[in-house]
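Q: Sharing a structure, written as structure tokens. Questions coming.
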Amino acid sequence: MRNHPIPQRYSLAKILAVVLLVLAQVIASAAHGETITYQHDNNGNITQRGATTYTYDPLNRVETESGPAKTQTFKYDANGNRLSDGAGTYTYALTSNRMLTRRGLSVTTDAVGNITADGTGREYVYNQARQLAQVKQGGILIATYTYDHAGLRITKVTTASAPQGAQTVIYEYDEQGHLIAEFSGTGTPIRSYIWLDNAPLSQIEYIPSRKIYYFNVDHLNTPRSLMDDTGKVVWRWESDAFGSTQADEDPDGDGIKMTSNLRFPGQYYDKETGLHYNWHRYYDPTMGQYIQADPVGLAAGTNLYTYVKDNPLNYVDPTGWDIVLPGPVPLIAPPVQSTPNGSKTGQIEWPEGFSPDPKAKGIPTVKTPANFPTKNPVDCDEQLKKNYEQCRNTCESVLSGAACRLKAEFKYFLCKKQTPGSGLSGMGGGLGGDAGL
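Read in order, the letters of the sequence shown are residues 1 to 437 in full-length UniProt numbering.
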């Protein structure tokens with residue numbers, strides 16, 4: 001951990017209890033209707049995600065999008081620069097791919113290609129390491145940023161002129177660069193995050209009181225909604241392809257707004273600018289590109305500004321350096337099925353040799369006791385034995401068996417924590433007592 005000490009010490013038992021509770025809730029979340037169906041073309045591009053459909057040009061760049069979030073058509077030049085998006089047109093320098101105009105507004109860049117003014121009255125100031133250091137609006141300072149030796153942003157100081165007002169936020173990361181905690185300038189915890197590999201599992205709020213929420217993520221590990229411990233969705237981000245759509249902070253209409261700033265993998269939404277901080281660069285979702293040239297230069301491609309080669313439905317860039325395939329492959333996912341037209345639906349396509357079910361039976365459904373929630377802890381034990389037996393009888397491969405047993409153990413934990421006298425009862429979604437963070 002870096003930069004700022006977390007103001008508590010965590011025992012191994014406490015951490016394991018929290019992780020098990022979160023994973024149990026992730027499995028249980030399927031009952032609340034957060035499943036999304038996908039379809040793909042022969043190139044592996046997503047052509048449908050839920051109610052939204054997409055088409056691609058011959059270079060596999062998103063060409064059209066039609067859905068609840070937005071309907072738009074994109075055109076690109078040979079270098080991958082966006083020429084139009086339905087809301088306006090864009091022009092670029094012929095020899096550098098640097099943006100000159102956007103939707104009728106002039107864009108200026110510095111000597112190394114970083115955007116210094118976007119035409120809206122916003123100015124960007126960079127430090128000697130070419131990192132965004134200050135943002136001004138109409139000549140008035142609204143934000144200042146600092147970074148550590150690895151290029152991770154460790155502080156954000158906004159002024160009274162920023163939309164969120166005068167604030168200081170200190171950021172804490174794990175060794176892989178995942179954001180794990182946010183603190184106020186006085187060291188008071190604001191929120192923290194729990195990750196499973198590259199997938200965010202939960203967000204824990206500390207103000208006004210401690211409460212845990214659970215992420216539903218898509219195939220890229222992009223957060224799409226947050227649920228409380230009752231399964232109620234309290235935040236939702238059904239964005240357009242390039243992420244320019246604002247999140248719904250009160251989807252349940254109870255008048256209480258929920259903040260969650262995680263966006264595409266590796267990205268963090270900045271309210272003061274609308275930009276997404278992306279480790280080594282800042283991404284502008286309204287333009288579909290970075291405001292800074294790629295720090296690795298031409299090693300990542302001939303265009304230093306485009307985001308994931310204009311295909312944000314199938315690729316990610318968690319560091320701001322280069323595109324990668326999303327991953328790793330999760331163990332808990334429904335099997336992919338083929339449709340009559342040859343496209344595939346489901347949440348994941350398993351690599352060859354790693355299918356969770358060689359016989360196409362799928363991982364068996366593991367259950368909680370029929371009388372769940374039960375008052376007898378023995379019921380949980382008996383159901384675990386039945387689930388284990390079903391795993392042994394159905395799953396042929398090592399991977400599918402491990403996934404099945406993992407699901408059975410999570411169901412067992414969920415059963416025990418809701419059973420009086422089991423020793424785990426009372427460990428609800430609020431994470432009270434010794435299991436809390």
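Glycine included, every Cβ here is placed at the ideal spot set by N, Cα and C.
The structure displayed is predicted, hence computed values, not measured ones.
Give the DSSP bridge partners of Asp284, in chain order.
A: Indexing the sequence shown from 1 puts residue 284 at position 284. Note: Asp284 sits in a beta bridge opposite Gln289.
Q: Hey, how far is the Cα of Gln246 from the Cα of Lys70?
A: The residue you call residue 246 lines up with position 246 of the sequence shown. The residue you call residue 70 lines up with position 70 of the sequence shown. Roughly 11 Å between the two C-alpha positions.
Q: Considering Cα atoms alone, identify which of Gly301, Tyr90, Gln292, Ile115 is closest to Tyr76.
A: Taking the first residue of the sequence shown as 1, we reach residue 76 at position 76. The residue with the shortest Cα to Cα distance from Tyr76 is Tyr90.
Q: Are Thr286 and Ser239 close, meaning C-beta to C-beta below 8 Å?
A: As a working mapping, residue 286 is identified with position 286 in the sequence shown. As a working mapping, residue 239 is identified with position 239 in the sequence shown. No; because the gap between Cβ atoms is not below 8 Å, this pair is not in contact.
Q: Write down the C-beta distance between Val316 and Val308 rounded to the nearest angstrom, noting that I regard them as a contact closer than 8 Å.
A: Along the sequence shown, one-based indexing puts residue 316 at 316. Along the sequence shown, one-based indexing puts residue 308 at 308. Rounded, the Cβ-Cβ distance is 7 Å, consistent with contact.
Q: Hey, Leu105 and Tyr92: beta-carbon distance below 8 Å or not?
A: Your numbering for residue 105 matches position 105 in the sequence shown. Your numbering for residue 92 matches position 92 in the sequence shown. It is not a contact, given that the beta carbons lie outside the stated cut-off.
Q: Pop quiz: Gln79 and Thr302 are said to be a contact at Cβ under 8 Å. What is the actual Cβ separation, rounded to whole angstroms?
A: Residue mapping note: residue 79 aligns to position 79 of the sequence shown, counting from 1. Residue mapping note: residue 302 aligns to position 302 of the sequence shown, counting from 1. This sequence places Asn at residue 79; Gln is not what is there. Between Thr302 and Asn79 the Cβ distance is about 6 Å, and since that is below 8 Å, they are a contact.
Q: Could you pull out every residue in the same chain whose Cβ sits closer than 7 Å to the Cβ of residue 453, ignoring the five residues on either side in sequence?
A: Since the first residue of the chain shown is 1 and the last is 437, residue 453 is not available in this structure.
Q: According to the neighbour-count rule (16 or more other Cβ atoms, all chains shown, within 10 Å of its Cβ), is Gly255 buried or exposed?
A: As a working note, residue 255 is residue 255 in the sequence shown. So Gly255 ends up on the exposed side.
Q: Can you tell me whether Asp174 is helix, strand or coil according to DSSP?
A: Translated into positions along the sequence shown, residue 174 becomes position 174. Three-state result, Asp174: coil.
Q: So, are the CB atoms of Ala241 and Tyr54 less than 8 Å apart?
A: Residue mapping note: residue 241 aligns to position 241 of the sequence shown, counting from 1. Residue mapping note: residue 54 aligns to position 54 of the sequence shown, counting from 1. Yes, they are a contact pair.
Q: Between the alpha carbons of Arg191 and Ile204, how many angstroms are there, rounded?
A: Start at 1 with the first residue of the sequence shown, and residue 191 comes out as number 191. Start at 1 with the first residue of the sequence shown, and residue 204 comes out as number 204. Arg191 and Ile204: Cα-Cα distance of roughly 5 Å.
Q: Considering Cα atoms alone, identify which of Gln176, Pro208, Gln131 is closest to Trp195.
A: In the sequence shown, residue 195 corresponds to position 195, counting from 1. With distances taken between Cα atoms, Trp195 lies closest to Gln176.
Q: Which whole-angstrom value describes the C-beta separation of Asp380 and Cys415, a residue pair presumed to lie in contact below a C-beta threshold of 8 Å?
A: Translated into positions along the sequence shown, residue 380 becomes position 380. Translated into positions along the sequence shown, residue 415 becomes position 415. Before going further, note that residue 380 is Cys rather than Asp in the sequence given. Right, the Cβ-Cβ distance comes to about 4 Å (below 8 Å), so this counts as a contact.
Q: Indicate, with yes or no, if the ligand SAM has a heavy atom lying under 7 Å from the CB of Trp279.
A: Of the ligands one can find in the structure shown there are none, so the ligand SAM has no counterpart to examine.
Q: Between Gln25 and Ala300, what straight-line distance do the alpha-carbon atoms span, to the nearest angstrom?
A: Working through the sequence shown from its first residue, we reach residue 25 at position 25. Working through the sequence shown from its first residue, we reach residue 300 at position 300. Bear in mind that a pLDDT of 49 at Gln25, under 50, signals an unreliable position, so the model cannot answer this.
Q: Taking only the alpha-carbon atoms, compute the straight-line gap between Asp284 and Thr273 and give it to the nearest angstrom.
A: Along the sequence shown, one-based indexing puts residue 284 at 284. Along the sequence shown, one-based indexing puts residue 273 at 273. Cα-Cα distance, rounded: 9 Å.
Q: Identify the residues that DSSP records as bridge partners of Ile46: which are they?
A: Taking the sequence shown and counting its residues from 1, one reaches residue 46 at position 46. The partner list for Ile46 (beta bridge, DSSP) reads His40.
Q: According to DSSP, is Lys386 helix, strand or coil?
A: Here residue 386 refers to the residue found at position 386 when the sequence shown is read from its first residue. Helix.
Q: Considering Gln137, what are the terminal residues of the beta strand (DSSP E) in which it resides?
A: For the purposes of this step, residue 137 is identified with residue 137 of the sequence shown, where counting begins at 1. First-last of the beta strand (DSSP E) with Gln137: 132 to 137.
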